[in-house]
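Under the working numbering, the residue at position 161 of the sequence shown is numbered 145, and the numbers go up by one with no gaps.
Even glycine gets a Cβ: it sits at the ideal position worked out from N, Cα and C.
Report on one structure; see the data block that follows.
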Amino acid sequence: MGEGRLRRALHRLLRSGAETEPEQDPALVGLLTGSRYAGLPPEEAELSPDRARAVMVFILDLTEQMFIAGTEMRAIETSIVAVAASYGLHPLELTIVGRTVVIQYAPRDREPRVMLKVARTSDNRDLQRAVALYRLVDDVVNNHLDLSCAERRMREIRQHVPLWPWWARMAARAVLAASVALQAHGTLGGAGLAMGMLVIVNRTGWVIARGRIPGYYATFVQAALVAGLGIVALHYGVVSSQVYASATAANLVLLLPVSSLVSLAQDAITRFGTTAAVRLVHVVLVFLALFAGIATVGVLTKDARIVGNAQSVRFAALPILFALPAAAIGAAGNGLAAGGTLRLLPFAALMGMLGIAVRTLAHGHFDLPSSLAVLIAAIALGTVAGRLAPRLRLPPGALVTPAIGAALLPAPAVYRSLSAYTAGIPGTGRQLFSALITTAAIGAGIVLGNILGAKKELREPHEPDQNPQEE
């Protein structure tokens, strides 16, 4: 009899322990694995219907703004889950298809609530917005920011105006074009021509955009302008073939959908296949517009060697002592053009120098193929960004994005493939495929580097910022 009472007492004790054990949401645990929020437990709180709706609206607003800022998909997903866990919105299910986000909150014994939002935006980067959103999520998760304060900061982010005027961003973009031209074995004259081309192409694109004309036609006209302006300068003897080739290469590579190509590789690797497919359609259309624009100019100028003679122009890497400052200046300019703050620009310059140094070392000193050298440089950039980002309270993408355009883009390969196409030289497809592989390697390397950097960061205790004020 005593044994029976003891058995019943143990059963009640074990059952009580099982009932009081907090319910874990497998979706939250699984989706945060490998991120800096890994192991974050859901906040134990019973949400009222109004509170749950307010949290869901905030999460959808956060998602939309992260899309506008150009944040990578994996970071968007982990931010959604981390914020939902911090505000007690669990069990949670979510799906991201293209730029549409659907979230479902289904608490026990209550009707589930489903909400969605479509972010109608492009693949452009807004580093100022990205930094503000990164810090907002960090404060919600690590500093337990109240929902009302978070909503106020979200309204401020939604209403923010560009940090730099349009002419400053255009000038910074022109500096980037000059940097790329110099790295394509250009001269100071080629850098100047590249800057002049970019200003004309930039303003033309702005006029076309004002007319609500689809981007395909804008790229078509801009590519034709790049080819046409170069031909005019070459035809009248204003520039040499080398100057012309380096300036044209710089402007052509800056017309590429680099952000979409890099994000495409990132999304495909991090299992966002549908979004990667959407980006692929955009990338294909942009390349078709580039080829069509250049081919049109080629038809109109049959006696001119459009985009130069690809076989006679020699692209040689700059000596490292000249390549480092060129990449630093280009990365700083790229960071400013993307809306980066003054505090971010020195880090952008350093990352640009790191990228060109690793790429030059791998390709020039170890004789590795260009695509492999770019992959190694991208891994280095991603690792350093993943390591430094939490300490600087900056998203890894804000550190990496400026350096991509300044140090890793395959400008000579793009130039050669387009010129071979217009000149009817065999092997055009292989050359273009090589350029695409090199560009896609950037995304693959950055993803791996971010994982390596985050893994190291996760092994150390994270100290929440005690003064989470925006800079």
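At which residues does the beta strand (DSSP E) containing residue i begin and terminate?
i: Arg97; result: Arg97 to Val102
Specify the secondary structure class of residue i as computed by DSSP and reduced to three states.
i: Pro10; result: Unreliable positioning characterises Pro10 in this predicted model, as indicated by a pLDDT of 47, which lies under 50. A coordinate reading is not provided.
i: Ile435; result: helix
i: Ile197; result: coil
i: Glu77; result: strand
i: Thr105; result: coil
i: Glu5; result: Residue placement at Glu5 is poorly supported in this model, since its pLDDT is 42, which falls under 50; the coordinates still yield a value, given next. It is coil, neither helix nor strand.
i: Glu30; result: coil
i: Asp351; result: coil
i: Ser224; result: coil
i: Tyr399; result: helix
i: His128; result: coil
i: Leu24; result: coil
i: Ile290; result: For Ile290, the predicted model reports a pLDDT of 49, less than 50, meaning its position is unreliable and no value from the coordinates is stated.
i: Pro379; result: coil
i: Glu56; result: coil
i: Tyr118; result: helix
i: Gly176; result: helix
i: Asp123; result: helix
i: Gly366; result: helix
i: Ala137; result: For the sequence presented, residue 137 should be read as Arg rather than Ala. In the structure shown, Arg137 sits in a helix (DSSP, three-state: H, G or I).
i: Arg94; result: coil
i: Asp45; result: helix
i: Gly72; result: coil
Less than 9 Å between the C-beta atoms of residue i and residue j, yes or no?
i: Ile430; j: Gln167; result: no
i: Thr171; j: Gln112; result: no
i: Leu248; j: Ala260; result: yes
i: Gly437; j: Ala332; result: no
i: Gly54; j: Asp110; result: yes
i: Gly427; j: Leu245; result: yes
i: Met40; j: Met99; result: yes
i: Gly339; j: Leu365; result: yes
i: Ala66; j: Val125; result: yes
i: Leu78; j: Leu31; result: no
i: Ile43; j: Ala68; result: yes
i: Ala322; j: Arg343; result: no
i: Met138; j: Leu182; result: no
i: Gly214; j: Tyr228; result: yes
i: Ala252; j: Ser355; result: no
i: Gly370; j: Gly336; result: no
i: Ser458; j: Ala395; result: Given that the chain is displayed from residue -15 to residue 455, the structure contains no residue 458 and the question cannot be resolved.
i: Lys101; j: Glu135; result: no
i: Gly319; j: Leu328; result: yes
i: Arg104; j: Arg83; result: yes
i: Val210; j: Leu239; result: yes
i: Ile60; j: Val86; result: no
i: Val205; j: Leu177; result: no
i: Ala341; j: Ala362; result: no
i: Leu117; j: Leu16; result: no
Alpha helix (DSSP H) containing residue i: first to last residue?
i: Tyr89; result: Taken as a continuous stretch (DSSP letters only), Tyr89 belongs to no alpha helix (DSSP H), being part of the beta strand (DSSP E) at Thr84 to Tyr89.
i: Trp151; result: Trp150 to Gln167
i: Val267; result: Gly257 to Leu284
i: Val145; result: Neither: Val145 is in no alpha helix (DSSP H) and is coded neither H nor E.
i: Phe331; result: Leu328 to Thr344
i: Leu392; result: Here Leu392 belongs to no alpha helix (DSSP H), and DSSP marks it neither H nor E.
i: Ala458; result: Since the first and last residues shown for the chain are -15 and 455, residue 458 lies out of range.
i: Asp251; result: Val242 to Ile253
Here's the rule: buried if 16 or more other CB atoms are within 10 angstroms of the residue's CB, otherwise exposed. What is residue i?
i: Ala311; result: buried
i: Leu305; result: exposed
i: Asn108; result: exposed
i: Arg58; result: buried
i: Arg255; result: exposed
i: Thr422; result: buried
i: Arg92; result: exposed
i: Arg414; result: exposed
i: Val185; result: buried
i: Val242; result: buried
i: Ile435; result: buried
i: Tyr220; result: exposed
i: Pro353; result: exposed
i: Ile80; result: buried
i: Tyr71; result: buried
i: Val191; result: exposed
i: Arg142; result: exposed
Please confirm whether any heavy atom of the ligand ATP lies closer than 8 Å to the CB of residue i.
i: Phe256; result: The ligand ATP is not part of this structure, which contains no ligands at all.
Between the segment 376 to 390 and the segment 124 to 131, are three or more C-beta pairs nearer than 8 Å? no
Should the segment 231 to 240 be regarded as contacting the segment 144 to 164, the criterion being three or more beta carbon pairs within less than 8 Å? Yes: the two stretches touch, three or more of their Cβ pairs being nearer than 8 Å.
Three or more beta-carbon pairs under 8 Å between the segment 347 to 354 and the segment 276 to 283, yes or no? no
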